[in-house]
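Comments concern the structure below.
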Amino acid sequence: MKFAVILSAGALAVAAVAIAAMPVQDAKAKTKPDDKAMGGAMDPAAMHAKMMELNKPGPEQAELKKMVGTWQIKCKSWEAPGEPQESTGTSTIEMVNDRFIIEKFSGEMPGMGHYEGTGTMGFNNATKEFEHVWRDNMNTGMMWSTGKKAPDGTTTMMGKSHCPMGEMSCRTVSKMMGDNAFHFEMYGTIAGAPEMKMMEMDYTRK
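According to this note's numbering, the sequence shown is numbered sequentially starting from 336.
As structure tokens, then:
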């Protein structure tokens with residue numbers, strides 16, 4: 336609300352400068368705001384109603400809640416086409432404010448040692464998209480992704496991150512396989528090279 340007031344004040348200041356250069360009678364005609372143009376955007380009751388609508392958890396948040404629990408994970412990873420490296424890990428997922436899930440992963444990264452990461456995911460009622468951010472102990476940056484769920488339950492998200500070769504575009508595909516299993520795949524495109532499968536993870540509820 337404060338931000339909207341500041342913007343309105345700035346807009347009025349600009350309008351005042353323009354009006355000062357007009358004849359007096361034109362200035363008087365222009366000083367009254369256009370109620371039709373501004374009423375919907377500035378009406379406090381309408382803004383409050385919209386805020387409450389967008390704030391309310393819905394079916395998408397209920398779907399996310401199904402991920403809450405402790406999971407055992409089998410992971411396959413590729414640094415280049417060919418046979419993958421295999422590893423295992425565990426993940427705990429909790430729900431926050433009935434709106435977001437927070438995942439904490441712990442495992443081993445083949446050839447690199449202990450790996451742990453934290454992800455936060457939610458569904459934005461305003462944009463109608465899922466949003467996800469991931470951070471871990473092998474990067475000082477974070478990967479931000481957005482995407483949608485298809486009618487078959489598959490969620491595809493697009494994001495960007497950085498690797499030793501530069502900026503990487505990422506595509507993730509995930510799907511609940513019943514109540515106690517979850518499948519995840521990640522594909523990457525680096526420096527304009529063809530997209531390559533980089534990771535595959537199968538979650539099994541403990």
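Note that the Cβ used here is the ideal one computed from N, Cα and C, for glycine as well.
Only counting the same chain, and skipping five residues up and downstream in sequence, which positions put a Cβ closer than 6 Å to that of residue i?
i      : result
MET536 : ILE408, CYS410, PHE519
ILE436 : LEU399, MET402, ILE428, MET430, MET456
GLY501 : ALA526
TRP479 : VAL468, GLY494
THR524 : SER504, GLU530
Using beta-carbon positions only, say whether residue i and residue j come within less than 7 Å of one another.
i      : j      : result
HIS467 : MET456 : yes
SER509 : THR539 : no
LYS541 : THR453 : no
SER412 : GLU443 : no
Start and end of the beta strand (DSSP E) containing residue i?
i      : result
GLU395 : Segment 394-400 is the alpha helix (DSSP H) holding GLU395; no beta strand (DSSP E) there.
LYS411 : 404-412
GLU429 : 420-431
GLU535 : 531-540
Sort the options by Cα distance to residue i and report the nearest one.
i      : options                        : result
THR481 : PRO499, GLY501, ASN459, ARG470 : ASN459
PRO419 : ALA526, ARG540, MET533         : MET533
PRO394 : GLY442, MET492, PHE465, MET473 : PHE465
GLU486 : GLY523, MET511, GLY494         : In the sequence as presented, Glu is not what sits at residue 486; that position holds Pro. With distances taken between Cα atoms, PRO486 lies closest to MET511.
MET447 : ASN472, MET493, MET382, LYS495 : ASN472
LYS484 : ASN474, GLY494, LYS391, LYS463 : LYS463
GLY513 : GLY488, GLU414, PRO445         : GLY488
ALA589 : LYS385, ALA516, ALA415         : Since the displayed the chain opens at 336 and closes at 541, residue 589 lies outside it and no answer follows.
CYS498 : PRO379, THR475, PHE517         : THR475
ARG470 : ALA381, LYS439, ASN390         : LYS439
MET387 : SER496, HIS449, ALA461         : ALA461
Beta-carbon within less than 7 Å of residue i's beta-carbon, same chain only, minus the 5 sequence neighbours each way: which residues are those?
i      : result
SER441 : GLY424, THR425, GLU451
HIS449 : GLU443
Taking 8 Å as the limit between beta carbons, can you name the residues of its chain near residue i, skipping five residues before and five after?
i      : result
TYR522 : CYS505, ARG506, THR507, VAL508, GLU530, MET531, LYS532, MET533
ASP433 : PRO392, GLN396, LYS400
ALA516 : ASP537, TYR538, THR539, ARG540
What span of residues does the alpha helix (DSSP H) with residue i cover, start to end?
i      : result
LYS385 : 379-390
As an exercise, report each continuous alpha helix (DSSP H) stretch of at least 4 residues that is fully enclosed by the region 438-522, in chain order. none
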